[in-house]
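Asks: Take a look at the following structure, please.
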Amino acid sequence: MELFIEFVGARWYLFTLVILLMFLLMNHERRRGGPSISPAQLTMLVNQHEGVVVDLRETADFRQGHIVDSISVPAAKFAERIAELECHRDKPLVLVCKYGQSATDASKALRQSGFGRVFKLGGGITEWQNQQLPLVRS
């Protein structure tokens with residue numbers, strides 16, 4: 070630990086630069102795909118603001134369990150099916166994938182298509198399940 074402190078003290082400018090670059094990279098990634106929200110925030114958006122949940126997982130995964138009233142639009146077919154979401158343009162959209170990472174591309178596509186309020190479920194359906202929230206099977 071002493072060596073690390075000595076290294077940082079002697080090269081504080083490099084250490085500061087690395088921290089700054091990491092912050093800028095994380096901020097860029099967050100902005101690129103839109104904000105992430107928690108399962109509690111998703112519930113509030115749906116209940117109070119007529120939010121729409123779009124499940125990006127494959128159809129088989131969707132059938133095994135999905136959030137109530139969510140729309141299945143598999144990520145592989147998202148570009149072809151984006152027009153199906155046009156009727157929800159004025160509502161908040163929450164994109165759900167398995168771990169919360171692959172929703173970024175879909176979020177970016179929606180934003181470029183003029184959808185204003187697009188969110189990603191942080192941690193995806195896995196986080197939803199970790200919090201023991203209900204899923205519906207179809």
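The numbering used here applies: residue 70 is where the sequence shown begins, and numbers increase by one. Beta carbons are placed, not taken as given, at the ideal position from N, Cα and C, and that holds for glycine.
#1: Can you round the beta-carbon distance between H213 and V205 to whole angstroms, since I take them to be within the 8 angstroms contact cut?
#2: Please look up how many angstroms separate the CB atoms of V123 and V87, rounded, as I've assumed it's under 8 angstroms.
#3: In this structure, how does DSSP classify I74 when only helix, strand and coil are distinguished?
#4: For the alpha helix (DSSP H) containing K177, name the first residue and the last one.
#5: Where does D211 sit, in a helix, a strand or coil, going by DSSP?
#6: By the three-class DSSP mapping on this structure, what secondary structure does V115 have?
Replies: If we stick to the structure as given:
#1: The question about residue 213 has no answer here: the residues shown for the chain are numbered 70 through 207.
#2: V123 to V87, Cβ: 37 angstroms. No contact.
#3: helix
#4: A172 to Q181
#5: Examination of residue 211 is not possible in this model, given that the chain is present from 70 through 207 alone.
#6: helix
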